[in-house]
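Chains as they are written, first to last, in our numbering: chain L, 23 to 326; chain D, 22 to 150.
Here a beta-carbon is modelled for each residue, glycine too, at the ideal position from N, C-alpha and C.
Keep in mind it's a predicted model, so treat the numbers as computed, not measured.
Notes follow once the structure below has been shown.
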Amino acid sequence: MDYIRIRELSRFITQVENQDIIALEKLESLCLKNPSKSHVIGITGPPGAGKSTLTNKLISEFTKKGKVAVIAIDPSSFFSTGALLGDRVRMQEHSTNPNVFIRSLSNRNHLGGLSVSTPDIIKAFSVYNYDYIIVETVGVGQDEIDIVKFSDTVVLVLHPASGDDMQALKAGVMEIADIFVVNKADIKNEAEKTFNIINYWINLNPRKWNPPILKTQAINGEGVVELVEKINKHSDYILNNPESVRFRKEMKAKHELMAKLYLVVENLVQQKYPEFFEENSDKIIKGEIEPLMAAKNIISGVLK
Amino acid sequence: MGKKIRVLIAKPGLDGHDRGAKVVAQALKDAGMEVIYTGLRQTPEQIVSAAIQEDVDFIGLSILSGAHNTLLPKVVKLLKERGGEDIKVFGGGVIPGEDIPFLKENGIMEVFTPGTSLKECVDFIKDNA
Numbered sequence: 023m024d025y026i027r028i029r030e031l032s033r034f035i036t037q038v039e040n041q042d043i044i045a046l047e048k049l050e051s052l053c054l055k056n057p058s059k060s061h062v063i064g065i066t067g068p069p070g071a072g073k074s075t076l077t078n079k080l081i082s083e084f085t086k087k088g089k090v091a092v093i094a095i096d097p098s099s100f101f102s103t104g105a106l107l108g109d110r111v112r113m114q115e116h117s118t119n120p121n122v123f124i125r126s127l128s129n130r131n132h133l134g135g136l137s138v139s140t141p142d143i144i145k146a147f148s149v150y151n152y153d154y155i156i157v158e159t160v161g162v163g164q165d166e167i168d169i170v171k172f173s174d175t176v177v178l179v180l181h182p183a184s185g186d187d188m189q190a191l192k193a194g195v196m197e198i199a200d201i202f203v204v205n206k207a208d209i210k211n212e213a214e215k216t217f218n219i220i221n222y223w224i225n226l227n228p229r230k231w232n233p234p235i236l237k238t239q240a241i242n243g244e245g246v247v248e249l250v251e252k253i254n255k256h257s258d259y260i261l262n263n264p265e266s267v268r269f270r271k272e273m274k275a276k277h278e279l280m281a282k283l284y285l286v287v288e289n290l291v292q293q294k295y296p297e298f299f300e301e302n303s304d305k306i307i308k309g310e311i312e313p314l315m316a317a318k319n320i321i322s323g324v325l326k
Numbered sequence: 022m023g024k025k026i027r028v029l030i031a032k033p034g035l036d037g038h039d040r041g042a043k044v045v046a047q048a049l050k051d052a053g054m055e056v057i058y059t060g061l062r063q064t065p066e067q068i069v070s071a072a073i074q075e076d077v078d079f080i081g082l083s084i085l086s087g088a089h090n091t092l093l094p095k096v097v098k099l100l101k102e103r104g105g106e107d108i109k110v111f112g113g114g115v116i117p118g119e120d121i122p123f124l125k126e127n128g129i130m131e132v133f134t135p136g137t138s139l140k141e142c143v144d145f146i147k148d149n150a
């Protein structure tokens, strides 16, 4: 891809990230013409587990077969709304490879592990024909699981000593993994314990696709080839068993509809009554109005 | 959703000291900007391709090695070649005063030397965004 096209894609992603309606409409028309052929791989797990370092090694493997895009999300400050996006530090060796495009995103105070625009940016990379799109979530706790709706394969990266069996039994992030990775496996005893706990959990929750567990050392690439094999195997599995991802697709469609409904309403409110948020939050603070009342008032005005 | 100011902070060349770069990155984050940090020992090519992929508004180059007269203009030159001439470049670090006019002639918008307050740096970006 030449420099002009890279620059064009980069600017387009900015417009999409800012949820510019015209850019989103253009994106949707491109999507209708080009059904996605990309394999979207979600990399999730707690902060410091090694997601970025592992992603770096996955880029090396996937570029042997095609073009790779990476979306790396980090949290924004609740107070300043700024962000320090540092995932890229681990991936800079790929910075000048024309078949790799890495984009860092702030979650812009959005919960769920992704930013509001992440699903749209995945689509943008897809219409620009990236074969593999790796989405690295914000470092997650127990229940930031939006990634499952927007990726074909979810890799949950854990570190040794990440909790006992009680943690594993809880609902949330453990349930969305298609592949488990225990990274930093050089910490042998603790890695073994975590491995056994996950194994126990998998045996208690038998499914058609039983998530494999792998031990890796992302820093030196150990176990990464095996991880790629499992990712490819999962990709084949969902191709042959489309019903297995039906629930995900339904959740994805609902999520996207809600997000776009919110966007359209927000834009309408901005156009018709730009002072809505400021004036009404002031009234709420003073106790003059309640939020549902304010929302109903504005909607009955806007939708007339 | 409004546009955010995006800034890439990078350390070109061979020096391993990034406390300054990290302090600046933190200050810009606290001023509400989205800051991408690329880590140590980056070539101008790596910095420019990261800046273009990230679609940043500014690149801040922190350099303490003495190679500023070579590396900083090279970043500006590569940006022009790759359609990133609208990205504004500033520098900081141990840079002798007599070198600053040369750097400015070569497309570096501003140079911050030791003793600069963080507010000065933040204001510079906000004023030129």
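Leaving out five residues before and five after residue i in sequence, what residues of the same chain have Cβ atoms less than 7 Å from its Cβ?
i: L:Pro291; result: Note on residue identity: the sequence assigns Val, not Pro, to residue 291 of chain L. Phe298, Ile320 and Val324.
According to the Cβ coordinates, are residue i and residue j closer than 8 Å?
i: L:Ser98; j: L:Ser128; result: yes
i: L:Tyr150; j: L:His61; result: no
i: D:Phe111; j: D:Glu126; result: no
i: D:Ile68; j: D:Ala31; result: yes
i: D:Arg103; j: L:Tyr25; result: yes
i: L:Val179; j: L:Lys252; result: no
i: D:Ala46; j: D:Tyr58; result: yes
i: D:Gly81; j: L:Thr103; result: no
i: D:Ile108; j: D:Val28; result: no
i: L:Ile144; j: L:Arg125; result: no
i: D:Gly114; j: D:Ser83; result: yes
i: D:Asp76; j: D:Ile26; result: no
i: D:Glu55; j: L:Leu107; result: yes
i: L:Asn205; j: L:Leu49; result: no
i: L:Asn131; j: L:Phe100; result: yes
i: D:Asn90; j: D:Phe133; result: no
i: L:Ile65; j: L:Glu214; result: no
i: L:Ala207; j: L:Gly245; result: yes
What whole-angstrom Cβ distance do residue i and residue j have, given they're in contact under 8 Å?
i: L:Val138; j: L:Met113; result: About 23 Å separates the two Cβ atoms, so there is no contact after all.
i: L:Asn221; j: L:Ile235; result: 6 Å
i: L:Leu249; j: L:Val203; result: 6 Å
i: L:Val111; j: L:Val162; result: The pair is not a contact, with the Cβ atoms about 20 Å apart (cut-off 8 Å).
i: L:Phe123; j: D:Gln74; result: 6 Å
i: L:Ile95; j: L:Val160; result: 5 Å
i: L:Ile198; j: L:Ile241; result: At roughly 25 Å, the Cβ-Cβ gap does not stay under 8 Å, so L:Ile198 and L:Ile241 are not in contact.
i: D:Val96; j: D:Pro117; result: Not confirmed; about 19 Å, so no contact.
i: D:Leu85; j: D:Asp120; result: No, D:Leu85 and D:Asp120 are not in contact; Cβ-Cβ is about 13 Å, not under 8 Å.
i: D:Lys140; j: L:Ala105; result: Incorrect: roughly 20 Å between the Cβ atoms, too far for contact.
By alpha-carbon positions, which one of the options ends up nearest to residue i?
i: L:Pro141; options: L:Ile306, L:Ser117 and L:Ala275; result: L:Ala275
i: D:Leu61; options: D:Gln47, D:Asp39 and D:Val45; result: D:Asp39
i: L:Asp258; options: L:Trp231, L:Lys271, L:Gly245 and L:Phe269; result: L:Trp231
i: L:Leu283; options: L:Gln41, L:Gly72, L:Arg29 and L:Ile28; result: L:Gln41
i: L:Lys192; options: L:Thr66, L:Ala45 and L:Asp165; result: L:Asp165
i: D:Gly128; options: D:Val115, D:Thr137 and D:Leu92; result: D:Leu92
i: L:Trp223; options: L:Lys305, L:Lys237, L:Gln189 and L:Asn56; result: L:Gln189
i: L:Ala317; options: L:Thr118, L:Lys308, L:Glu288 and L:Ile307; result: L:Glu288
i: D:Ala88; options: D:Gly34, D:Lys24, D:Val143 and D:Ile26; result: D:Gly34
i: L:Ile209; options: L:Gly134, L:Pro264, L:Ala71 and L:Val246; result: L:Ala71
i: L:Gly67; options: L:Ile35, L:Ala105, L:Ile44 and L:Leu136; result: L:Leu136
i: L:Val170; options: L:Gly88, L:Gly134, L:Lys237 and L:His181; result: L:Gly134
i: L:Asn119; options: D:Ser70, D:Lys95, D:Leu124 and D:Asn149; result: D:Ser70
i: L:Ile43; options: L:Cys53, L:Ala207 and L:Val286; result: L:Val286
i: L:Phe172; options: L:Tyr295, L:Gly243 and L:His277; result: L:His277
i: D:Leu100; options: L:Arg29, L:Met315, L:Pro296 and L:Glu212; result: L:Arg29
i: L:Lys294; options: L:Ser322, L:Leu314, L:Arg270 and L:Pro228; result: L:Ser322
Interface residues of chain L around residue i at Cβ under 7 Å?
i: D:Arg40; result: Per Cβ cutoff of 7 Å: no residues; D:Arg40 is ~15 Å from chain L at best.
i: D:Ala52; result: Ser102 and Gly104
Enumerate in chain order the residues of its own chain whose CB-to-CB distance from residue i is below 8 Å, with the five nearest sequence positions on each side excluded.
i: L:Asp1; result: Residue numbering for chain L in the displayed model covers 23 to 326; residue 1 of chain L lies beyond these limits and cannot be assessed.
i: L:Ala281; result: Val138 and Pro141
i: L:Ala146; result: Leu31, Phe34, Ile35, Val38 and Leu49
Considering only residues of the same chain and omitting the five flanking positions on each side of residue i, which have a CB-CB separation below 6 Å?
i: L:Ser184; result: Thr216
i: L:His116; result: Ile81 and Val122
i: L:Val90; result: Ile81, Phe84, Val122 and Tyr154
i: L:Ser58; result: Ser148
i: L:Ile311; result: Lys305
i: L:Pro182; result: Lys206, Ile209, Glu212, Ala213 and Thr216
Just the chain L side, please: which residues come within less than 8 Å of residue i by C-beta, in chain order?
i: D:Ala71; result: Arg110, Gln114, Ser117 and Ile124
i: D:Thr59; result: Arg110, Val111, Gln114 and Ser117
i: D:Val56; result: Gly104, Ala105, Leu106 and Leu107
Name the chain D residues whose beta carbon is nearer than 9 Å to that of residue i?
i: L:Ile28; result: Ser70, Ile73, Gln74, Arg103 and Gly104
i: L:Ser60; result: Neighbours of L:Ser60 on chain D: none; closest Cβ ~17 Å, over 9 Å.
By the criterion of Cβ-Cβ separation under 7 Å, what are the contact partners of residue i in chain D?
i: L:Thr66; result: Per Cβ cutoff of 7 Å: no residues; L:Thr66 is ~21 Å from chain D at best.
i: L:Thr36; result: Asp76
i: L:Ser184; result: Within chain D, no residue comes near L:Ser184; the closest Cβ sits about 26 Å away, beyond 7 Å.
i: L:Tyr25; result: Arg103 and Gly104
Cβ closer than 9 Å: which chain L residues qualify as neighbours of residue i?
i: D:Ala46; result: Leu106 and Gly108
i: D:Glu66; result: Ser117 and Thr118
i: D:Leu49; result: Gly104 and Leu106
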